[in-house]
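*Asks:* Counting the sequence shown from 1 gives a position; our numbering is that position plus 255.
Before anything else, here's the structure in question.
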Amino acid sequence: MHDCPTCGQPTPAGNYCVRCGAPQDLRLGRSRQRRQFAAAPRERRNAPWLVSTLFPQLPRHSERHFHIALAGGAALVIALGVLRLFAIALIGAALLMPLLTALYFYDVDIYEGEPSWASAWTLAWGTLAGVLVGMLANALAPSGSALIDKASTAHLVVGGVLLPLLGVGAALAGPLVLLRDRRFNETLDGASFGAVTAAAFAAAQAVVVGGGVLGSGLRAAGSAAPWVARLVTIAIASPVLSMTAVGSAGAALWLRYRAPVSDRRALGLLGVPAIAVGLAGALVVAGAVAETFTAAGTWLAWLIVLDLLGLVLLRRAVHVGLLEEASEADVGPPVRCANCGATGPSHTFCANCGVALKALPKVRRGGSPGLPAPARGSFAGRLEAELRGRRSGRRRLIAYGSSLTAVVAVGGAVAALAAPPPRRPRCTRAQQCGRPPIEPRPASGFLGYQSWHSPALGYSLRFAAGDWTIASDTSTEVVLQAPDGLGLLTVDAARGAAITPAALIGRQRSSLQGQLLGLVLDTNQADQLLGAGVGLAAGPGSVYTATIASPQGPEAPVSVAIMAAGEGNLTISAVVVAPAENLDQKGTVFARADDVINSIRWPGR
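Following this line, the structure appears as structure tokens:
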């Protein structure tokens, strides 16, 4: 035994002090000045490594398997997205992190010796909260003009601010129940409870919000590139942000109410619960709001930046929690370190590798008489196998891969059962259609119709007041929406020799690509325009398909028709947005929009 040069207390010979964790070859002012991360001494304490931060109780020999599992799951999700199997990919992406968390629970026996309901409670609460907030998000989903306007209140305020804040509060409410239980009195418990609940919450919310996508079939229409970016967001970027934000808030709560009094100010202002919870909400809101005005790829890049910040915050909280002031109790009997495998005196830190022992799974004392051999399947048994060269990581990877594959298979079965039946075109260009898709109204002249006139460009139109209301208008544009908010018609115009119908269609398409997810040309023959034109003037036109998306996830597919025509130096375009999978609603919206488009009168007519 000799005195530690940092804390001055007696410690056995070794690389690190078993009381404060400081390296024995350095003299630090205090143990918290050590640069090594307390849960992984080979890493810097402020380095935003994902696996060692979110899963701090992983021993060194298990981290590689988690890196492989995370990379393999992400590769599977990306591959499904490239193949445009969006519904299946959505399920796999949503459950990637929760499955990895479940593997973490199994791998380290994180609550060995503690009530089993603790881990079940965190997962169950996160799932329930995610389902409820997801249902609320569906109830408040954008409609009418908000369908293609991400700057609208439905997207920006509700989806970008209110729902994310509600989610943070709901995710924290579950762990707060466990705060009262003094068996969970370590800062690491608060961080783990918060992160696990947030992972389950993010997964449940994504699945519930994406219910409309699941009903579009196995291979839904849409551009692969933006979908892949969104799937990576759902799989990793978004849940990591939630896990780090809620986890750091949970750590601050436990540090304030469960840590020794002398350690409660160790995080400074970041350890004040009100500030920590507010910062968690600010991080999640900053991520959600960005979705309302950026493309899928740009939003993913922004979330990665926030993830790095969140990882540093959570890492600092875990580090400080593991360095909570050790008691002056005597050094205990020998124990085997689950991180390096060395046997050494038991106290707070491993004398050989410097890891905080309470950041590791519980392992029975090795070599002590009267103790049974490590049970097969327990962590001690797996550690014994690892140290003897028998690798058990392959079995863990197989279990994780099998679980993820089973989830993807179930998602595929659900999508296949919910897929709409194949459709055939009712009409072709060379064949007359049957009766109109909507019931004819009694003849009533122009009663019940309302007109609109462009004061700047001179064109006008009329619409049935019972079918449409004016959502917004300018001197050159009018936006009509159906009373139920499920249909939208935008009529816009521009004057100039360089403004051709094709150019105006391109401008409208570019605008929609920033508002909808995966806008792509619809090649289904049943959806094609039989006679594009505006105001009885022929012109180009096409039908596209896309998905409405909010910060909470992809919501529902829509069908978009864009057409334009020109007369003189004036060009008028029309954009119709309708539900893609409900054929009755879609047919009604398109028929009513066609009536308005045909009513457009050009100047001078």
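For every residue, glycine included, the Cβ atom is placed at its ideal position computed from N, Cα and C.
Ignoring anything shorter than 4 residues, give me the alpha helix (DSSP H) runs that lie fully in the segment 409 to 452, in order along the chain.
*Replies:* Taking only runs of at least 4 residues, the alpha helix (DSSP H) segments lying wholly in the segment 409 to 452 are 418 to 434.
*Asks:* Take Val851 as the anchor and find which of Pro795, Leu741, Asp722, Ala793 has the nearest alpha-carbon.
*Replies:* In the sequence shown, residue 851 corresponds to position 596, counting from 1. Measuring from the Cα of Val851, the nearest candidate turns out to be Asp722.
*Asks:* Take Gly389 as the anchor and find which of Val815, Ala835, Gly808 has the nearest alpha-carbon.
*Replies:* If you number the sequence shown from 1, residue 389 lands on position 134. Cα-wise, what sits closest to Gly389 is Gly808.
*Asks:* Figure out for me which residue from Leu345, Val532, Cys262, Ile323 has the closest Cα to the Cα of Arg474.
*Replies:* Here residue 474 refers to the residue found at position 219 when the sequence shown is read from its first residue. Closest by alpha carbon: Leu345.
*Asks:* Drop a sphere of 10 angstroms on the beta-carbon of Tyr512, count the other beta-carbons inside from all chains shown, and report buried for 16 or more, exposed for fewer.
*Replies:* On the sequence shown, position 257 is the one that residue 512 refers to. Exposed is the call here.
*Asks:* Determine, using beta carbons only, whether Thr377 and Phe448 come nearer to each other than 8 Å.
*Replies:* Start at 1 with the first residue of the sequence shown, and residue 377 comes out as number 122. Start at 1 with the first residue of the sequence shown, and residue 448 comes out as number 193. Against a cut-off of 8 Å, the Cβ pair of Phe448 and Thr377 comes out as a contact.
*Asks:* Name the one or two DSSP bridge partners that Val746 has.
*Replies:* If you number the sequence shown from 1, residue 746 lands on position 491. In the DSSP output, where bridge partners are listed per residue, Val746 has Val733, Ala829.
*Asks:* Do Glu810 and Gly467 have their CB atoms nearer than 8 Å?
*Replies:* Sequence index remark: in the sequence shown, residue 810 carries index 555 (1-based). Sequence index remark: in the sequence shown, residue 467 carries index 212 (1-based). For Glu810 and Gly467, yes; Cβs fall inside 8 Å.
*Asks:* Looking at Ile760: is its Cβ nearer than 8 Å to the Cβ of Ser709?
*Replies:* As a first step, residue 760 must be located in the sequence shown, where it is residue number 505. As a first step, residue 709 must be located in the sequence shown, where it is residue number 454. Result no, Cβ atoms of Ile760 and Ser709 do not sit closer than 8 Å.
*Asks:* Since Thr724 is in the beta strand (DSSP E), which residue starts that stretch and which ends it?
*Replies:* Start at 1 with the first residue of the sequence shown, and residue 724 comes out as number 469. Where Thr724 is concerned, the enclosing beta strand (DSSP E) stretches over 724 to 728.
*Asks:* Quick check: the Cα distance between Val432 and Ala450, rounded to an integer number of angstroms?
*Replies:* Working through the sequence shown from its first residue, we reach residue 432 at position 177. Working through the sequence shown from its first residue, we reach residue 450 at position 195. Roughly 15 Å between the two C-alpha positions.
*Asks:* Do Leu538 and Leu561 have their CB atoms nearer than 8 Å?
*Replies:* To locate residue 538, count along the sequence shown from 1; it is residue 283. To locate residue 561, count along the sequence shown from 1; it is residue 306. Yes, Cβ-Cβ distance for Leu538 and Leu561 is below 8 Å.
*Asks:* Here's the rule: buried if 16 or more other CB atoms are within 10 angstroms of the residue's CB, otherwise exposed. What is Asn853?
*Replies:* For this step, residue 853 is matched to residue 598 along the sequence shown. It is exposed - the Cβ of Asn853 has fewer than 16 other Cβ atoms within 10 Å.
*Asks:* Please look up how many angstroms separate the CB atoms of Gly666 and Ala342, rounded, as I've assumed it's under 8 Å.
*Replies:* Within the sequence shown, the letter at position 411 stands for residue 666. Within the sequence shown, the letter at position 87 stands for residue 342. With 8 Å as the limit, Gly666 and Ala342 qualify as a contact, their Cβ atoms being about 7 Å apart.
*Asks:* Name the two residues that bound the continuous alpha helix (DSSP H) containing Phe845.
*Replies:* Locating residue 845 in the sequence shown gives position 590, where the first residue counts as 1. First-last of the alpha helix (DSSP H) with Phe845: 838 to 853.
*Asks:* Here's a check: name, in chain order, each residue in its chain whose Cβ is nearer than 6 Å to the Cβ of Ser318, leaving out the five neighbours to either side.
*Replies:* Indexing the sequence shown from 1 puts residue 318 at position 63. Residue 318 is actually Glu in this sequence, not Ser. Excluding positions up to five away in sequence, the list reads Val306.
*Asks:* Using only the alpha-carbon positions, how far apart do Ala529 and Asn607 sit?
*Replies:* Numbered from 1 along the sequence shown, position 274 holds the residue referred to as residue 529. Numbered from 1 along the sequence shown, position 352 holds the residue referred to as residue 607. Their backbone Cα atoms lie some 38 Å apart in a straight line.
*Asks:* Among the candidates Asn779, Arg860, Arg847, Ala711, whose CA atom is the shortest distance from the CA of Ala835?
*Replies:* For the purposes of this step, residue 835 is identified with residue 580 of the sequence shown, where counting begins at 1. Nearest C-alpha to Ala835: Asn779.
*Asks:* In the DSSP output, what is Asp404 paired with across the bridge?
*Replies:* Position 149 of the sequence shown holds residue 404. Looking at the DSSP assignment, Asp404 forms no beta bridge with any residue, so it has no partner.
*Asks:* Between Ala792, Leu791, Gln763, Val789, which has its C-alpha nearest Tyr799's C-alpha?
*Replies:* Working through the sequence shown from its first residue, we reach residue 799 at position 544. Comparing Cα positions, the closest option is Gln763.
*Asks:* In angstroms with no decimal places, state the Cα-to-Cα distance between Val662 and Leu355.
*Replies:* Numbered from its first residue, the sequence shown carries residue 662 at position 407. Numbered from its first residue, the sequence shown carries residue 355 at position 100. Rounded to whole angstroms, Val662 to Leu355 spans 13 Å at the Cα level.
*Asks:* Should Gly788 and Ala820 be called a contact, given that it needs their Cβ atoms to be closer than 8 Å?
*Replies:* Numbered from its first residue, the sequence shown carries residue 788 at position 533. Numbered from its first residue, the sequence shown carries residue 820 at position 565. Yes, the pair counts as a contact, with Cβ atoms nearer than the cut-off.
*Asks:* Between the alpha carbons of Ala730 and Leu712, how many angstroms are there, rounded?
*Replies:* For this step, residue 730 is matched to residue 475 along the sequence shown. For this step, residue 712 is matched to residue 457 along the sequence shown. Rather than Ala, the amino acid found at residue 730 in this sequence is Ser. Cα to Cα, the separation comes out at about 8 Å.
*Asks:* Can you round the beta-carbon distance between Leu861 and Ala816 to whole angstroms, since I take them to be within the 8 Å contact cut?
*Replies:* The requested residue 861 is not part of the displayed model; the chain covers only 256 to 860.
*Asks:* Could you tell me which residues DSSP puts in a beta bridge with Pro247?
*Replies:* Outside the shown range of the chain (256 to 860) lies residue 247, about which nothing can therefore be said.
*Asks:* State the DSSP-derived secondary structure class of Pro267, mapped to helix, strand or coil.
*Replies:* The residue given as residue 267 occupies position 12 in the sequence shown. Correct three-state label for Pro267: coil.
*Asks:* Is there contact between the segment 319 to 331 and the segment 453 to 466, where contact requires at least three CB pairs shorter than 8 Å?
*Replies:* Contact fails: fewer than three Cβ-Cβ distances are below 8 Å.
*Asks:* Where do the ends of the beta strand (DSSP E) carrying Gln705 lie?
*Replies:* The residue given as residue 705 occupies position 450 in the sequence shown. 704 to 708 is the extent of the beta strand (DSSP E) around Gln705.
*Asks:* Using a Cβ-Cβ cut-off of 7 Å (strictly less than) and excluding sequence neighbours within five positions of Val501, which residues of its own chain qualify?
*Replies:* The residue given as residue 501 occupies position 246 in the sequence shown. Within the same chain, Val501 has close Cβ partners Val423, Ala426, Leu427, Gly449, Ala450, Thr452, Ala453, Ala535.
*Asks:* Starting from Val586, trace the beta strand (DSSP E) in both directions and tell me its first and last residue.
*Replies:* As a working mapping, residue 586 is identified with position 331 in the sequence shown. Run containing Val586: none; DSSP gives neither H nor E here.
*Asks:* Using 8 Å for Cβ pairs, my map puts Thr745 next to Val830. What's the rounded Cβ distance?
*Replies:* As a working note, residue 745 is residue 490 in the sequence shown. As a working note, residue 830 is residue 575 in the sequence shown. Sure, about 4 Å apart at Cβ, within 8 Å.
*Asks:* Is Asp258 helix, strand or coil when you go by DSSP?
*Replies:* For the purposes of this step, residue 258 is taken as residue 3 along the sequence shown, with counting starting at 1. Of the three classes helix, strand and coil, the one that applies to Asp258 here is strand, per DSSP.
*Asks:* Assuming Ser497 and Phe439 form a contact by the criterion Cβ under 8 Å, report the distance between their Cβ atoms to the nearest whole angstrom.
*Replies:* Reading the sequence shown from its first residue, position 242 is the one you call residue 497. Reading the sequence shown from its first residue, position 184 is the one you call residue 439. That pair is no contact at about 21 Å.
*Asks:* Taking 7 Å as the limit between beta carbons, can you name the residues of its chain near Ala480, skipping five residues before and five after?
*Replies:* Taking the first residue of the sequence shown as position 1, residue 480 is located at position 225. The answer is none, since no qualifying residue turns up.
*Asks:* What span of residues does the beta strand (DSSP E) with Pro600 cover, start to end?
*Replies:* Residue mapping note: residue 600 aligns to position 345 of the sequence shown, counting from 1. 598 to 600 is the extent of the beta strand (DSSP E) around Pro600.
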